[in-house]
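Asks:
There are 2 protein chains.
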Amino acid sequence: MVSKNQIKTITGLQQKKFRKQDKLFFAEGIKVVQELLNSNFELHHLYTTDAFFKGIAADKVTLITPDELKKISALTTPQACLALFTIPDEKPVPDTGLIVALDDVRDPGNLGTIIRLCDWFGISHLVCSLQCVDSYNPKVVQATMGSLARVNVIYTDLQEYLAKTKLPVYGTFMDGTNIYKEAMPQNGIIIMGNEANGISAEAEALATHRIAIPRFGNLQQTESLNVATAAAIILSEFRRNV
Amino acid sequence: MVSKNQIKTITGLQQKKFRKQDKLFFAEGIKVVQELLNSNFELHHLYTTDAFFKGIAADKVTLITPDELKKISALTTPQACLALFTIPDEKPVPDTGLIVALDDVRDPGNLGTIIRLCDWFGISHLVCSLQCVDSYNPKVVQATMGSLARVNVIYTDLQEYLAKTKLPVYGTFMDGTNIYKEAMPQNGIIIMGNEANGISAEAEALATHRIAIPRFGNLQQTESLNVATAAAIILSEFRRNV
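These protein sequence lines map, in sequence, to chains A and B. Mapping of the first sequence onto the UniProt record's numbering: position 179 corresponds to residue 179, and the numbering continues sequentially without gaps. Mapping of the second sequence onto the UniProt record's numbering: position 242 corresponds to residue 242, and the numbering continues sequentially without gaps.
1) For the region 168–194 of chain A, which residues have a CB atom closer than 8 Å to at least one CB atom of chain B, in sequence order?
2) Are there three or more Cβ pairs, one per stretch, closer than 8 Å when the region 34–42 of chain A is compared with the region 137–154 of chain A?
3) Please list, in chain order, the chain B residues whose beta carbon lies closer than 7 Å to that of R240 of chain A.
4) Looking at M192 of chain A: is its Cβ nearer than 8 Å to the Cβ of V127 of chain A?
5) With 8 Å as the threshold, decide whether the Cβ of T229 of chain A is near any Cβ in chain B.
6) Could you tell me which chain B residues have their CB closer than 8 Å to the CB of L130 of chain A, listed as they occur along the chain?
7) Could you check which residue in B:I56, B:F52, B:A51 has the C-alpha nearest to that of H44 of chain B?
8) Could you tell me the distance, in whole angstroms, from the CA atom of T48 of chain B to the CA atom of D119 of chain B?
9) Could you say which of B:P185, B:S224, B:L46 lies nearest to M174 of chain B if we only look at CA atoms?
10) Quick check: the Cα distance between T96 of chain B and K166 of chain B, rounded to an integer number of angstroms?
11) Use the C-beta contact count for I7 of chain A: other C-beta atoms within 10 angstroms, 16 or more gives buried, fewer gives exposed.
12) Quick one: is L117 of chain B near chain A, going by C-beta distance under 8 Å?
13) I'd like to know whether the C-beta of A74 of chain A is nearer than 8 Å to at least one C-beta of chain B.
14) Listing by chain order, which chain B residues have their CB less than 9 Å from the CB of F53 of chain A?
15) Just the chain B side, please: which residues come within less than 9 Å of N40 of chain A by C-beta, in chain order?
16) Expressed to the nearest angstrom, what Euclidean distance is found between the alpha-carbon atoms of L162 of chain A and I233 of chain A?
17) Against chain B, with Cβ distances strictly below 8 Å, would L225 of chain A count as a contact?
18) Just checking my contact of G171 of chain A with I199 of chain A at CB under 8 Å: how many whole Å lie between their CB atoms?
19) Grouping DSSP H, G and I as helix and E and B as strand, with all else coil, what is L167 of chain B?
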């Protein structure tokens with residue numbers, strides 16, 4: 001059984017305001033929930049249509065019907081279970097290693113894909129400007145496929161962060177140096193920009209290295225890459241010589 | 001004015017069946033429509049809420065109201081104009097150069113992103129298995145941001161195509177050779193697999209080279225990359241030494 005109050009609380013968590021207030025977020029589907037159960041995230045409560053998971057304390061599980069799941073799910077096609085987890089405190093970002101910084105990335109799918117990429121390339125810290133989409137947004141959580149558990153995402157004033165760091169700061173610009181022609185270091189901050197406007201003038205002014213992904217197609221065209229595919233290419237270049 | 005019949009024809013084009021029958025597809029929004037107008041695609045008819053485009057024959061334009069646009073649009077938020085274009089005949093794929101082949105890629109966003117990547121990396125031909133999502137699907141057209149005009153997408157029996165080619169065939173597999181350790185050729189077919197199942201056993205049997213993108217994160221995890229981000233990394237590797 002899910003009470004009316006529980007439905008209200010859970011659907012409320014689709015909004016950032018209530019996630020901040022309750023310090024809770026949710027994930028759906030056996031694969032994503034299993035990945036988060038295996039991680040350091042603390043389970044708050046699991047709503048499930050069947051006994052898919054072993055070893056969970058009885059007071060943290062509620063068996064529900066598919067109809068009840070529909071009432072709490074954020075998915076068009078609900079997927080067997082929904083779990084609430086506690087939002088942990090952000091960890092401090094060290095001033096060493098490779099760090100990705102996002103300047104107003106607004107699309108949940110893009111943020112989710114970038115979190116997966118960080119996980120793949122062994123990048124433990126992702127710094128987001130305050131205007132980025134929230135990493136605990138249900139669409140981001142689903143897109144990360146569990147990688148959210150392995151990447152520390154922190155939200156901060158990006159300009160202040162970039163002004164203070166001692167690390168080199170890399171930004172991608174049309175007039176930057178060809179990423180294929182120089183060996184990339186294993187210490188640095190890589191800024192990726194907003195979907196429509198790219199990197200802001202404020203962040204651009206704080207970039208110490210301007211890089212570019214060469215284009216091989218028709219050079220008359222001004223078309224750009226999507227921010228997540230650009231991040232894939234750049235992270236691959238930074239890691240390929242390790 | 002848009003007649004009831006026109007509304008029926010245009011909304012019908014959201015279905016592959018009617019696109020095949022009428023040999024028409026549509027695109028929306030000033031940016032995408034402008035890119036397609038600048039290309040080799042033949043305009044069939046333009047429905048627009050304002051005179052955004054110059055030099056179009058008067059009998060090919062209908063000025064409509066935002067309310068009328070809503071009735072023909074496939075977007076949640078209609079974007080000022082909608083244009084119908086003729087679907088051209090598929091061009092033959094040469095047995096030379098770099099070619100991308102998709103094995104049952106089903107998600108319109110992924111296909112659109114891969115078409116954009118082909119355009120960026122100067123890959124003119126994209127071979128799709130018959131189970132791939134249709135490249136003239138409205139969601140694909142919007143995701144390509146105009147790149148559809150510059151990449152020849154052909155649908156064919158992939159197994160037959162791979163069996164006949166004289167080009168080397170590259171497939172990405174966990175046990176493949178590290179893409180960062182060998183120089184990639186400028187002739188070959190790169191197969192990318194289905195979102196859930198990867199490359200099919202039939203296509204795998206026809207791959208002449210097994211490659212892999214090394215993972216740098218926690219190696220206990222079995223997580224994979226999204227097919228579009230994997231394509232970005234692989235295409236970048238094939239082009240980086242040109």
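Ideal placement from N, C-alpha and C gives every residue a C-beta, glycine not left out. Because the structure is a prediction, the values reported are computed rather than measured.
Replies: Looking at the atomic coordinates:
1) Y180
2) yes
3) Y180
4) no
5) yes
6) Within chain B, no residue comes near L130 of chain A; the closest Cβ sits about 25 Å away, beyond 8 Å.
7) B:I56
8) 28 Å
9) B:S224
10) 9 Å
11) exposed
12) yes
13) no
14) By Cβ distance, chain B contributes nothing, its closest Cβ being about 18 Å from F53 of chain A, past 9 Å.
15) Here the premise fails: no neighbours, minimum Cβ distance about 12 Å.
16) 22 Å
17) yes
18) 5 Å
19) coil
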